Amino acid sequence: MNSQARHARVSISILAAMTLASLPLISACKEKISPTDIHHAQQYVMAACILDRYPGQPISKEAEGWAGGVLENSSFSMEQYQKLADIGKNKAKANINKDGQAINIQTCFLLATSTDTKNLLLKVLRHQAGQP
46 MNSQARHARV
56 SISILAAMTL
66 ASLPLISACK
76 EKISPTDIHH
86 AQQYVMAACI
96 LDRYPGQPIS
106 KEAEGWAGGV
116 LENSSFSMEQ
126 YQKLADIGKN
136 KAKANINKDG
146 QAINIQTCFL
156 LATSTDTKNL
166 LLKVLRHQAG
176 QP
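Each number in this note's numbering corresponds to the 1-based position in the sequence shown with 45 added.
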């Protein structure tokens, strides 16, 4: 084998080794947020919204159990859970029917499922994954 061919082979081997060594880092940076993570985040936001709007009422006890289930079945950081709870408490717009009665469940549902909220949730979830 001539020296040019050997040099090319060594260069390709080094390049391949460098590429393989960087793959875990590349995949960690490009880690996508799963639909399940988004679904859990939406559920947590809705439960937090209900807890905020119905303090001390039976439905808040149910929402508390729901939020606990999300905690058990997801793996967000405590900081993320707090940010999700803040979204549920602070971002919902009040809906009042024509009789002046607050429509809180619908408000919480609309908040948790809106495109704007999904974008906020993605920001919260990406923050933990080290994404911009």
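From the three backbone atoms N, C-alpha and C, an ideal C-beta is built for every residue, glycine too.
None of the values given here were measured: they were computed from a predicted structure.
Cβ neighbour criterion (16 or more within 10 Å) applied to residue i
{"i": "D82", "result": "buried"}
{"i": "G133", "result": "buried"}
{"i": "T160", "result": "exposed"}
{"i": "H85", "result": "buried"}
{"i": "T162", "result": "buried"}
{"i": "A139", "result": "exposed"}
Integer-rounded CB distance, given that residue j should sit under 8 angstroms from residue i
{"i": "V169", "j": "K128", "result": "5 angstroms"}
{"i": "V115", "j": "A92", "result": "7 angstroms"}
Residue i versus residue j - alpha carbon distance
{"i": "E107", "j": "G113", "result": "10 angstroms"}
{"i": "Y89", "j": "Q102", "result": "18 angstroms"}
{"i": "T152", "j": "C94", "result": "9 angstroms"}
{"i": "L167", "j": "K143", "result": "35 angstroms"}
{"i": "S79", "j": "I148", "result": "31 angstroms"}
{"i": "D97", "j": "H172", "result": "25 angstroms"}
Residue interval of the alpha helix (DSSP H) (run including residue i)
{"i": "N118", "result": "103-118"}
{"i": "I83", "result": "80-98"}
{"i": "K134", "result": "123-135"}
{"i": "A157", "result": "149-158"}
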